[in-house]
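Asks: Protein sequences, first through last, are from chains V and L.
Heads up: the first sequence begins at 1 in my numbering, then just goes up one per residue.
Heads up: the second sequence begins at 1 in my numbering, then just goes up one per residue.
Every residue, glycine too, gets a C-beta built ideally from N, C-alpha and C.
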Amino acid sequence: MKNAVLDLRRQDNLTQQDLADRVGVSRQTILSIERGRFDPSLPLAFRIAREFGRPIEAVFFPAD
Amino acid sequence: VKIQVALILGAWALAGLVFSVARVLFPSSLSAAPFQASAAALIVLGAASLSFWLKRRVQKRTRSAAPDSAETRLATKAQAASMVDGLIVGSLLGLLLLLQPGIPAALMVFALVAIVVADFQVRYAIALRQEKRAQ
């Protein structure tokens, strides 16, 4: 699964730690999601999307 | 929490393993000095408790134990793998008990717990290191 977390986070001028604090996970988790090494759970994906004020399909999308 | 429970079990298993080996090697001295054995157990459990407390503080600060975190998923994978290893090691130790009945069964049980806990810790540490190195 691909995602736009890195771009959206930079748009919002958030650090990885800021985003991690807001969605309630570790900074390592945000780092892994941005690098595409970790697919978040559905609740976490929804929290991240809500944090950016976008629908989940605008933040996470299939790799192909 | 799972890691803390694993560490507690590991500390108990380690203490049990030490005492079982000591009992085999020095049967008379241990029975003659129960307070020394108790003191040693307190030291092991005290050190383990301190490490749990420190680990818990770190986990709370970094939220690495949060259910949705990448660390939790790595820990779950490590637990699954160490359980399979535990089944294999347990079977081998059982076979060893059958072949060598003179070995105390308690020693084997403590050894099994210690091996499984150590296996989990090593697997988790390697997985976490690989995850960090990949970034």
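Taking the beta carbon of Phe66 of chain V as the centre, do at least 16 other beta carbons fall within 10 Å, making it buried, or is it exposed?
Replies: Since the first residue of chain V shown is 1 and the last is 64, residue 66 of chain V is not available in this structure.
Asks: I need the straight-line Cα distance from Gln11 of chain V to Lys55 of chain L, nearest angstrom please.
Replies: Cα to Cα, Gln11 of chain V sits roughly 35 angstroms from Lys55 of chain L.
Asks: Below 7 angstroms on C-beta distance, what does Arg57 of chain L contact in chain V?
Replies: The premise fails here: Arg57 of chain L is roughly 14 angstroms from chain V at the closest Cβ pair, so nothing lies under 7 angstroms.
Asks: Grouping DSSP H, G and I as helix and E and B as strand, with all else coil, what is Phe60 of chain V?
Replies: DSSP places Phe60 of chain V in strand when its eight states are reduced to three.
Asks: Rounded to whole angstroms, what's the CA-CA distance from Lys2 of chain V to Ser49 of chain L? Just pull it up for me.
Replies: So the two alpha carbons sit approximately 42 angstroms from each other.
Asks: Expressed to the nearest angstrom, what Euclidean distance is found between the alpha-carbon atoms of Glu131 of chain L and Ala118 of chain L?
Replies: Looking at the two C-alpha atoms, the distance is approximately 20 angstroms.
Asks: How would you label Phe61 of chain V, buried or exposed, when you count the other beta carbons within 10 angstroms and need 16 or more for buried?
Replies: Its Cβ having fewer than 16 others within 10 Å, Phe61 of chain V is exposed.
Asks: With 16 as the cutoff for other CB atoms within 10 Å, does Gly16 of chain L come out buried or exposed?
Replies: Gly16 of chain L comes out buried.
Asks: Does Ser64 of chain L get closer than 7 angstroms to chain V when you measure Cβ to Cβ?
Replies: Judged by the 7 angstroms Cβ criterion, Ser64 of chain L is in contact with chain V.
Asks: Taking 7 angstroms as the CB-CB cut-off, is Gln28 of chain V touching chain L?
Replies: By this cut-off, Gln28 of chain V is an interface position.
Asks: By alpha-carbon positions, which one of L:Arg73, L:Gly10, L:Leu96 and L:Phe19 ends up nearest to Tyr124 of chain L?
Replies: Cα-wise, what sits closest to Tyr124 of chain L is L:Arg73.
Asks: DSSP puts Asn13 of chain V in a beta bridge; with which residues?
Replies: Asn13 of chain V pairs with nothing; no bridge assigned.
Asks: Does the beta carbon of Phe52 of chain V sit closer than 7 angstroms to a beta carbon anywhere in chain L?
Replies: It does not; no Cβ of chain L falls within 7 angstroms.
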